[in-house]
Amino acid sequence: MAVTPGTPSGPGTFVFDGDCAFCSSSARTLVRIAPSDAAVLAWQRSDLDALGLTPDACEQAVQWVDGPRHSSGAAAIAAYLRTSRPWWRAAGWLLSRRPVLALAEPVYRWVARHRHALPGGTPACRLPPAA
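Each step along the sequence shown adds one to the number in numbering that gives the first Met the number 0, with nothing skipped, and position 54 is 53.
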C-alpha cells in the first residue's frame with residue numbers, strides 16, 4: 000500500500016507529518032519495507048476530528064488510530080508493524096513490550112526533536128519549541 004491521502008481503512012490508520020520531508024520519507028520507507036492494509040496518511044490531509052487527533056499531537060509524533068485505541072511515537076510504529084507481514088508483526092510485538100518500548104520511546108523523541116537535521120530533513124521539519 001502506498002502512502003495515501005485517502006480515508007482510513009483496514010486494520011488501523013498511521014498518521015505522520017506530511018509537511019516534514021524526513022517524516023514523509025520515513026513513512027514511504029515504512030510502507031515499502033513493511034507493507035500493510037493499514038491506511039498511512041499525512042495529518043494535514045486527514046480528518047483529524049474523525050480520527051480523534053489534534054494538530055499538536057500530530058506535529059509532536061506519529062499517531063496510530065485503531066477505533067477508540069490511540070498510540071503515538073514508538074508505540075504507534077509498533078502498532079503499525081503488528082499489521083504487516085509475519086516478521087514485522089513479531090518486531091512490532093517486541094517493540095510494544097514495556098522494556099523495549101521504554102528504551103525506544105526516548106530514541107523516538109530524540110529523532111522527532113532533531114528531524115530537521117537528519118537526512119532528508121529541512122528547516123520546515125523543525126518542531127515548534129515546547130510550551
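Glycine included, every Cβ here is placed at the ideal spot set by N, Cα and C.
What beta strand (DSSP E) runs, 3 residues minimum, are completely inside the segment 13-56?
38-41
So the candidates are Gly72, Ala26 and Leu40; which of them puts its Cα closest to the Cα of arginine 108?
Along the sequence shown, one-based indexing puts residue 108 at 109. Of the candidates Gly72, Ala26 and Leu40, the one whose C-alpha sits nearest the C-alpha of arginine 108 is Gly72.
May I have the straight-line CA-CA distance separating alanine 75 from valine 61, to the nearest angstrom?
Taking the sequence shown and counting its residues from 1, the one referred to as residue 75 is at position 76. Taking the sequence shown and counting its residues from 1, the one referred to as residue 61 is at position 62. Answer to the nearest angstrom: the Cα atoms are 7 Å apart.
Find the nearest neighbour of glutamine 59 within the set Ser70, Asp46 and Ala33, judged by alpha-carbon distance.
Reading the sequence shown from its first residue, position 60 is the one you call residue 59. Glutamine 59 has its Cα closest to that of Ser70, out of Ser70, Asp46 and Ala33.
Span separating the alpha-carbon of arginine 27 from that of leucine 93:
Against the sequence shown, residue 27 aligns to sequence position 28. Against the sequence shown, residue 93 aligns to sequence position 94. Their Cα atoms are separated by approximately 22 Å.
Same chain only: Cβ atoms within 7 Å of phenylalanine 21, ignoring 5 sequence neighbours per side
Start at 1 with the first residue of the sequence shown, and residue 21 comes out as number 22. Taken in chain order, the residues that qualify are Arg114, Leu117, Gly119, Gly120 and Cys124.
Can you grab the Cα-Cα spacing for the pair serine 24 / phenylalanine 15, in whole Å?
For the purposes of this step, residue 24 is taken as residue 25 along the sequence shown, with counting starting at 1. For the purposes of this step, residue 15 is taken as residue 16 along the sequence shown, with counting starting at 1. When rounded, the distance between both Cα atoms is 10 Å.
Shorter than 7 Å, the distance from the beta carbon of threonine 28 to the closest heavy atom of the ligand GDP, or not?
As presented, the structure is devoid of all ligands, the ligand GDP included, so that no description of it is given.
Distance between proline 98 and aspartate 46 (C-alpha atoms, nearest Å):
Taking the sequence shown and counting its residues from 1, the one referred to as residue 46 is at position 47. Taking the sequence shown and counting its residues from 1, the one referred to as residue 98 is at position 99. Their Cα atoms are separated by approximately 33 Å.
How would you call leucine 102, buried or exposed, if buried means at least 16 neighbouring beta carbons within 10 angstroms?
Locating residue 102 in the sequence shown gives position 103, where the first residue counts as 1. Exposed is the call here.
Just to confirm the assignment, what range does the beta strand (DSSP E) spanning arginine 68 have?
To locate residue 68, count along the sequence shown from 1; it is residue 69. From DSSP, the beta strand (DSSP E) with arginine 68 extends over 68-71.
First through last residue of the beta strand (DSSP E) which encompasses valine 64
Counting from 1 along the sequence shown, the entry for residue 64 is found at position 65. 62-65 is the extent of the beta strand (DSSP E) around valine 64.
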